[in-house]
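A short write-up of the structure that comes next.
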Amino acid sequence: MREFATFEERLSAWTTEAMVKVFGLNDSDVNLGVTPTNNDKFGDYQCNAAMVLSKQLKTAPRQIAQEFVDAAELPDFVEKIDIAGPGFINFFLSNTALAEYIQSLENDPHLGAEQVGEGKKVIIDYSSPNVAKSMHIGHIRSTVIGNAIDRLYRFLGYDVIADNHLGDWGTQFGLMLVGYREFVNEEALAAAPVEELERIYVASYNKSKEDDSWRDHAKAELVKLQQGDAENRALWEKFIELSIGEFDTIYKRLDVKFDLYRGESFYNERLPKIIQALEEKDLVKESDGALIVDLEEDGMPICIVRKSDGGYNYATTDLATVESRIEEFDPDRIIYVTDERQQLHFKQFFTIAKKLEMEANLVHVWFGLMRLPEATFSTREGNVIKLAAMLDEAESRALEMVKSSSPDMPEEQQKDLATAIGIGAIKYTDLSQNPKSLVTFTWEKALNMQGNSGPYMQYAYARISSVYDKWQALFPGMKLTDCSINIEHEIERKLAIKLSRFPAAVHSAAENYSPNIMADYLYDLAQIYSSFYQNVPFLKAEEGVRESRIRLCKFTAETLRQGLNLLGIETRERI
Ligand code: ARG
Numbered sequence: 030m031r032e033f034a035t036f037e038e039r040l041s042a043w044t045t046e047a048m049v050k051v052f053g054l055n056d057s058d059v060n061l062g063v064t065p066t067n068n069d070k071f072g073d074y075q076c077n078a079a080m081v082l083s084k085q086l087k088t089a090p091r092q093i094a095q096e097f098v099d100a101a102e103l104p105d106f107v108e109k110i111d112i113a114g115p116g117f118i119n120f121f122l123s124n125t126a127l128a129e130y131i132q133s134l135e136n137d138p139h140l141g142a143e144q145v146g147e148g149k150k151v152i153i154d155y156s157s158p159n160v161a162k163s164m165h166i167g168h169i170r171s172t173v174i175g176n177a178i179d180r181l182y183r184f185l186g187y188d189v190i191a192d193n194h195l196g197d198w199g200t201q202f203g204l205m206l207v208g209y210r211e212f213v214n215e216e217a218l219a220a221a222p223v224e225e226l227e228r229i230y231v232a233s234y235n236k237s238k239e240d241d242s243w244r245d246h247a248k249a250e251l252v253k254l255q256q257g258d259a260e261n262r263a264l265w266e267k268f269i270e271l272s273i274g275e276f277d278t279i280y281k282r283l284d285v286k287f288d289l290y291r292g293e294s295f296y297n298e299r300l301p302k303i304i305q306a307l308e309e310k311d312l313v314k315e316s317d318g319a320l321i322v323d324l325e326e327d328g329m330p331i332c333i334v335r336k337s338d339g340g341y342n343y344a345t346t347d348l349a350t351v352e353s354r355i356e357e358f359d360p361d362r363i364i365y366v367t368d369e370r371q372q373l374h375f376k377q378f379f380t381i382a383k384k385l386e387m388e389a390n391l392v393h394v395w396f397g398l399m400r401l402p403e404a405t406f407s408t409r410e411g412n413v414i415k416l417a418a419m420l421d422e423a424e425s426r427a428l429e430m431v432k433s434s435s436p437d438m439p440e441e442q443q444k445d446l447a448t449a450i451g452i453g454a455i456k457y458t459d460l461s462q463n464p465k466s467l468v469t470f471t472w473e474k475a476l477n478m479q480g481n482s483g484p485y486m487q488y489a490y491a492r493i494s495s496v497y498d499k500w501q502a503l504f505p506g507m508k509l510t511d512c513s514i515n516i517e518h519e520i521e522r523k524l525a526i527k528l529s530r531f532p533a534a535v536h537s538a539a540e541n542y543s544p545n546i547m548a549d550y551l552y553d554l555a556q557i558y559s560s561f562y563q564n565v566p567f568l569k570a571e572e573g574v575r576e577s578r579i580r581l582c583k584f585t586a587e588t589l590r591q592g593l594n595l596l597g598i599e600t601r602e603r604i
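See the structure below:
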């Protein structure tokens, strides 16, 4: 057994081994492990092996369970074992073992989570906005959800490559090139580059609708760019640089870091080769001058891989990207995070990748859109909500809150706190709900200090931390590690059980690509803590009991801090 193994791991291993022994099984190819219970009436963990083995042993499940309970020698961390219902075996952990486990976790930076990712590589393709365009709400969610998945996988020991697959190639650059030369306002470009580039594009696009020669001119410039013309290339690079510069200020505010910024253009040279490979495998056919892959047998519409004008499509680029990623990184998995509208695109190119025998485990993590009711923002220009404006507003609303709740706090600190609260509120709103659901964003919900919100969680953390600080101030010179945790009270036990299940929450959130599982866990933990705090004395308890409770409390704070960090949410010791 590894160090810091969870009770679930230990019990699962033990029951499997004991079942094999008691019933003389050859070896077990069925899962005889345990699962956590939700109701402590049924113990802490439950095993349904009796039902699983019933057919094989030709015995009623209850009788199997009874024989097992009579014969097996309990491991020392189990207090008692009993049978329920049709033949469930329930395990009750011993309080001493539980306390010892929590104490041991204080020395584990991963709080008990097994490093299942060691030696495994995953590429996570997220955020991926388009150059010269403002990030839209879909990119915000991709950034926040993608980053939480990134953090969860790193925490589990995976070698993660966060790749920002920028949309930096396509026919729009012809219009951008001619538009820029005609319409650019240098001052506006310096002040708000992406906004100005967007304005240039719209102006150029509109002109192309009325003026054929303008459109032809744009096409000619695009061809020059594609052929490597130095001047056009330099200008195109400038568009990219300006866009990344602006995106980076947002990533910095969101505390999001990428290992790679590989735009679509990076894969250009591979595109003809992809077509060639498709042709060799007889997977393409011509249709009105375009090349298509027929996916009817796979229950999907056709996928165009080369347009009639010779240009390549989004799917072709993504196929080339997979090929390149396999060659360079040999990843165990590639995870893509985008909004739901791209589901068909991913299904199509995943299917084609398989037909091309690209050896990659490809996963599309999609999320529903975020709805922003009218009047959510005080400043709203046009129809796009600019992410920067959303973050500004979150921070200024948070600052109001901080100023009214802590008027005497130094201004610097108020601002720092408002940043953590504002950004945390937006992230938590996004991450606390099932990614696949439609999220309706309101400030009332995002900033609600009483409900399941970012600020509520941050406040819970600060409150818990302050208990430890108070204890330290009252009993200077005492060391918590000199006193051991003792679990006596029912609510103490409940808290300890919850703390011991942090690893399961991390694994489940990562495996299911659902950061909301982590958010739910943390919210439950905060609530259990809160009833612990309300129901038993802390600082007023007798010596020993007092230290035991403070120690549990300190570990709860650490678990909350770590869990929120996995969601990309910062904590502060004081609120
Ligand atoms: N640039 C695309 C968009 O803005 C998202 C790219 C997602 N990643 C990918 N490999 N297709 O919609």
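Residue numbers for the sequence shown follow this note's numbering, so the first one is 30 and each next one is one higher. Heads up, the beta-carbon is just placed ideally off N, CA and C, and yes, glycines get one too. The structure presented is a predicted model; accordingly, all values stated were derived computationally and were not measured.
- Between the beta-carbon of Val51 and that of Phe97 there is about 6 Å, and that keeps the pair under the 8 Å contact cut.
- The beta carbon of Phe379 sits closer than 6 Å to those of Leu391, all from its chain and outside the five residues before and after it, given in chain order.
- Each of Leu271, Gly292, Thr346, Thr585 was checked against the Cα of Ile303, and the nearest Cα belongs to Thr346.
- Per DSSP, the continuous alpha helix (DSSP H) segment holding Arg522 begins and ends at 519-529.
- The Cβ-Cβ distance between Leu401 and Arg603 does not fall below 9 Å.
- For Leu204, no beta strand (DSSP E) segment is defined; the enclosing uninterrupted segment is the alpha helix (DSSP H) at 201-212.
- A straight-line Cα-Cα distance of about 21 Å links Val574 and Thr588.
- With fewer than 16 other Cβ atoms from the protein chains shown falling within 10 Å of its own Cβ, Asp311 counts as exposed.
- Exclusion of the five residues before and after Ile269 leaves Val160, Asp197 as the residues of its chain whose Cβ lies within less than 6 Å of its Cβ.
- Nearest neighbour of Ser337 by Cα position, chosen from Val535, Ile321, Lys474, turns out to be Ile321.
- Glu352 and Ser494 have their C-alpha atoms roughly 49 Å apart.
- The residue among Ser433, Gly597, Leu528, Asp437 with its C-alpha nearest the C-alpha of Gly483 is Gly597.
- Its Cα nearest to that of Asn477, the residue Ala454 stands out among Ile112, Ala454, Val468, Asn342.
- Judged by DSSP in its simplified three-state form, His393 adopts strand.
- For the pair Gln591 and Glu147, the Cα-to-Cα distance works out to about 20 Å.
- When Cβ pairs closer than 8 Å are counted between the two stretches, the stretch 172-192 is seen not to touch the stretch 217-227, the count staying below three.
- Counting C-beta atoms within 10 angstroms of its own C-beta, Lys415 has 16 or more neighbours from the protein chains shown and is therefore classed as buried.
- DSSP, reduced to helix, strand and coil, places Leu568 outside both helices and strands of the structure shown, so it counts as coil.
- The residue from Thr458, Glu260, Pro301 with its alpha-carbon nearest to that of Gly339 is Pro301.
- Between the stretch 562-580 and the stretch 505-514, the count of C-beta pairs closer than 8 Å reaches three or more; the two stretches touch.
- For the pair Glu102 and Ala47, the CB atoms are nearer than the 9 Å cut-off.
- Taking a C-beta distance under 9 Å as the contact criterion, Leu195 and Arg335 do not qualify as a contact pair.
- Between Ile118 and Ala94, the C-beta spacing is below 9 Å.
- Judged by the Cβ position, Asn159 qualifies as a neighbour of the ligand ARG at the 8 Å threshold, a heavy atom of the ligand being closer than this.
- Annotation: Asp445 is outside any beta strand (DSSP E); the continuous alpha helix (DSSP H) that includes it extends over 440-460.
- Assigned with DSSP and collapsed to three states, Thr345 falls in helix.
- Your pair Ala142 and Gly116 does not check out as a contact, with CB atoms roughly 32 Å apart and the cut at 8 Å.
- Shortest Cα-Cα distance from Asn594 to any of Pro138, Asn77, Asp69, Thr64 involves Pro138.
- For Gln377, the enclosing alpha helix (DSSP H) covers residues 372-384.
- When DSSP reads this structure, Pro65 sits in a beta bridge with Tyr74.
- Straight-line measurement puts the Cα of Leu251 at about 17 Å from the Cα of Lys238.
- Ser537 carries a helical assignment under DSSP once its states are collapsed to helix, strand and coil.
- Note on Thr44: 16 or more other CB atoms within 10 angstroms of its CB, so buried under the neighbour-count rule.
- Going by DSSP, Phe117 is part of the beta strand (DSSP E) stretching over 117-122.
- For Gly141, DSSP assigns no beta-bridge partner whatsoever.
- In this structure, Glu473 lies away from Gly451, with their beta-carbon atoms at least 9 Å apart.
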